[in-house]
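Chemist:
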Ligand SMILES: [Cu+2]
């Protein structure tokens, strides 16, 4: 299991972190953006989007923190912010999990 603790250190915007699997041969940032400015969250393992709480909510406003604990298997994942337009703006990062 891993725990993610996320703090929004930005000055103005609400954000979130969603953990999505990343299939072999795929790259972060490749998921298509829908007209609503969001991507499909199919396969989501969980998210941090609830201010001062665990799990899903309405996002983390500036200065807020949230957290989640997930069971992950070795593999590649992408951490994304899926508020409208944020993924398209480049709010994603890769998380590689290795095991023993
Ligand atoms: Cu964001």
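Numbering (the working numbering), first residue to last: -14 to 85. Ideal placement from N, C-alpha and C gives every residue a C-beta, glycine not left out.
(1) I need the straight-line Cα distance from residue 53 to residue -11, nearest angstrom please.
(2) Which one or two residues does DSSP pair with residue -12 in a beta bridge?
(3) Is there contact between the stretch 22 to 35 and the stretch 70 to 77, where contact requires at least three CB pairs shorter than 8 Å?
(4) Among 67, 66, 48, which residue has its Cα nearest to the Cα of residue -5?
(5) Taking just the CA atoms, how far does residue 63 sit from residue 43?
(6) Do residue -3 and ligand 1 come close, with the Cβ less than 8 Å from some heavy atom?
(7) Using the Cα positions of residue 12 and residue 55, report the straight-line distance between them to the nearest angstrom.
(8) Could you give the C-beta distance for residue -9 and residue 45, rounded to a whole number, given that I count them as a contact under 8 Å?
(9) Does the Cβ-Cβ distance between residue 65 and residue 2 come in under 9 Å?
Modeler: From the atom records:
(1) Rounded to the nearest angstrom, the two C-alpha atoms are 5 Å apart.
(2) According to DSSP, residue -12 shares a beta bridge with 54.
(3) Yes, the stretch 22 to 35 is in contact with the stretch 70 to 77.
(4) Comparing Cα positions, the closest option is 48.
(5) Cα to Cα, the separation comes out at about 20 Å.
(6) Closer than 8 Å to some heavy atom of ligand 1: that does not describe the Cβ of residue -3.
(7) About 22 Å.
(8) 6 Å between Cβ atoms; contact.
(9) In this structure, residue 2 lies closer than 9 Å to residue 65 by Cβ.
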